[in-house]
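Colleague: First residue of the sequence shown? That's 1 in the UniProt record's numbering, and the numbers climb one at a time after it. The C-beta atom is built at its ideal place from N, Cα and C for all residues, glycine as well.
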Amino acid sequence: MDPLSALRDFTIRGELEKIVRVNDEFRFDTDYSFPCHAETAYRSKQGNLYTLETLLYYVTNHHLKHTDYIQSARTQGIPSVTFPDRKPLLDYLTGKISSSDSIEFLLPPQNDAVHPKLPSLDPNVNSGINNDSNDYGTTDSRVFSQIETPVDYMSLICSGERPLKDREGLLECKGRNFYGVLTSATKREEERQRIESQQRKDGLVAKSRLMGSDERGLTGFGDESGYDPNPKPKLHLKGGKIGEGVPIILVPSAFQTLITIYNVKEFLEDGVYIPTDVKVKQMKGAKPDCVTVQKKFSRDRDRVVTAYEVRDKPSALKAEDWDRVVAVFVLGKEWQFKDWPFRDHVEIFNKIVGFFMRFEDDSVESAKIVKQWNVKIISISKNKRHQDRAAALEVWDRLEEFVRSRSHS
């Protein structure tokens, strides 16, 4: 069975939950399995064939508004179904219609060669009873020859076969070969290892920089020269103090916020705001779990630079990690703080400094909820990028002031 028919069958039966992804293939219960990126027979109005992954994600999320669905699919890295294709595709998959002009099942090519004719199965032929028989049942010598000569049926069948695909054609992608796939996979693996190595290096640099400043008595938050005459050892968050290790800044994982893990490094280190969707297109490899940022610019050139870890998955933090969280960029939604280890917003923003990024010409309603919290609202221009540096400095100043107050509390 082809992927499209299998998906339609499971959709009509209401058994989509039995379709499970295992590595790079979808397993339809114990009946079928197909590659996730296998092209189906359903062609979009734009001309491309939808993959099984795209159709399965759509049919399980068709209840979402089209804009929300596209945003969700983009977050998962899955191509989306276009708006004109939504209804006819859903009608077909749910069984409301039995066929569609968009479906193009590829039929095997017809073999124009003349197939050898198999011997007749008519019993009259083998029994010798035909028009050439005489009264005593004798047959023509040609019939005896036909009966006595063994027939190789497999050779006759194979002679009429024509291969539909070779080992290259199985890739389901024109202009590709196994060497190209191997090269591409090798490059992706090298890129993944490079990113992991860089992340480990950034973490070590950040930790060593923080430890080095502690040993010298330089915390980055002392007097104007950056020197603290009363160096203190690393402290855990007991009574409001910062825990041991590199401080953590949390950002939302949702794309509708201005600052995400994709663009936070450019904004905080270089003082330049780059939209998230632009950074996603520029990025190679998988989404990072952690990004290290340092304050590379300051009104005070002699101040010691401190490193911070930026993360967007609070659920992955351990209990001791929460002691290191010093700041959060808020989305302006209550659900962002679900399952956080705090009683309410008052406790959150007493122990963590909050920031809310907005465009300066956005409506007041967009910050209505945030104004009820102890959160610093930072406004940037949609077009004047030279003003981003001042906004980033405003974040750093507030963050350093907050960390300094916690370190001395």
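Could you tell me which uninterrupted beta strand (DSSP E) segments, each at least 3 residues in length, are contained entirely in the UniProt domain "Paf1 complex subunit Cdc73 N-terminal" (2-104), listed from first to last along the chain?
Modeller: 19-22, 25-28, 32-35, 39-43 and 49-51
Colleague: How big is the Cα-Cα spacing for Val375 and Leu56?
Modeller: Their Cα atoms are separated by approximately 41 Å.
Colleague: Which whole-angstrom value is the C-beta distance of Ser102 and Pro88, which I expect to be below 8 Å?
Modeller: 7 Å
Colleague: Any chance the region 280-291 sits against the region 252-264, with 3 or more Cβ pairs inside 8 Å?
Modeller: yes
Colleague: Just to confirm my understanding: we take residue 458, look at its own chain, exclude 5 residues before and 5 after, and list those with CB closer than 6 Å. What are they?
Modeller: A question about residue 458 goes unanswered here, because the residues of the chain that appear run from 1 up to 409.
Colleague: Can the beta-carbon of residue 418 be found less than 8 Å from the beta-carbon of His37?
Modeller: The structure shown does not extend to residue 418, since the chain is modelled only from 1 through 409, so no value can be given for it.
Colleague: Using the beta-carbon count (16 or more within 10 Å), is Lys318 buried or exposed?
Modeller: exposed
Colleague: Look at the alpha carbon of Ser44 and the alpha carbon of Tyr179, and state the distance between them as a whole number of angstroms.
Modeller: So the two alpha carbons sit approximately 30 Å from each other.
Colleague: Return helix, strand or coil for Tyr308, following the three-state DSSP convention.
Modeller: strand
Colleague: Once the 5 residues before and after Lys279 are set aside, which same chain residues still bring their CB inside 6 Å of it?
Modeller: Tyr262 and Asn263
Colleague: Once the 5 residues before and after Arg389 are set aside, which same chain residues still bring their CB inside 6 Å of it?
Modeller: Gly271
Colleague: Have a look at Ile369 and Asp9 and give me their C-alpha separation to the nearest angstrom.
Modeller: Approximately 46 Å, taken between the alpha carbons.
Colleague: Taking all protein chains shown into account, decide if Ala392 is buried (16 or more other Cβ within 10 angstroms of its Cβ) or exposed.
Modeller: Counting other Cβ atoms within 10 Å of its Cβ, Ala392 reaches 16 or more and is therefore classed as buried.
Colleague: What is the C-beta distance between Val353 and Phe402, in whole angstroms, given that I count them as a contact (C-beta under 8 Å)?
Modeller: Indeed, because the Cβ distance is near 4 Å, the residues count as touching under 8 Å.
Colleague: Considering only the alpha carbon of each residue, which of Thr306, Asp31 and Val20 lies closest to Asp2?
Modeller: Asp31
Colleague: Classify Ser184: buried if its beta carbon has 16 or more other beta carbons within 10 angstroms, exposed otherwise.
Modeller: exposed
Colleague: Return the CA-CA distance between Ile157 and Ala6, expressed in angstroms with no decimal places.
Modeller: 30 Å
Colleague: Leaving out the 5 sequence neighbours to the left and right, which residues in its chain are closer than 8 Å to Asp122 when beta-carbon positions are compared?
Modeller: Only weak support is given to the placement of Asp122: the predicted model assigns it a pLDDT of 48, under 50, and the question is left unresolved by the model.
Colleague: Please report how far the alpha carbon of Trp373 lies from the alpha carbon of Leu331, in whole angstroms.
Modeller: 12 Å
Colleague: May I ask you to report which of helix, strand or coil DSSP gives residue 410?
Modeller: Residue 410 is absent from the structure shown; the chain starts at 1 and stops at 409.
Colleague: If we require 3 or more residues per run, which beta strand (DSSP E) segments fall completely within the region 330-401?
Modeller: 353-359 and 375-380
Colleague: Give me the residue from Arg13, Gln76 and Val81 with the minimum Cα distance to Thr40.
Modeller: Val81
Colleague: Evaluate Met357 with the Cβ neighbour count: other Cβ atoms within 10 Å of its Cβ, from every protein chain shown; 16 or more gives buried, anything less gives exposed.
Modeller: buried
Colleague: Report the CB separation of Ile348 from Phe359 in whole angstroms; it is logged as a contact under 8 Å.
Modeller: About 25 Å; that fails the 8 Å criterion.
Colleague: By alpha-carbon positions, which one of Ile378, Gly47, Val22 and Thr60 ends up nearest to Ile12?
Modeller: Thr60
Colleague: Apply the 10 Å Cβ neighbour rule to Phe34 and answer buried if 16 or more other Cβ atoms are within range, or exposed otherwise.
Modeller: buried
Colleague: From what residue to what residue does the alpha helix (DSSP H) around Ile157 run?
Modeller: Tyr153 to Ser159
Colleague: What are the start and end residues of the beta strand (DSSP E) that includes Val291?
Modeller: Cys290 to Gln294
Colleague: Write down the C-beta distance between Ile249 and Val310 rounded to the nearest angstrom, noting that I regard them as a contact closer than 8 Å.
Modeller: 5 Å
Colleague: Pick out whichever of Pro247, Glu269 and Arg406 has its Cα sitting closest to the Cα of Asp321.
Modeller: Pro247
Colleague: In this structure, what does DSSP give as the bridge partners for Val325?
Modeller: Ile248
Colleague: Taking C-beta to C-beta, are Phe255 and Thr75 nearer than 8 Å?
Modeller: yes
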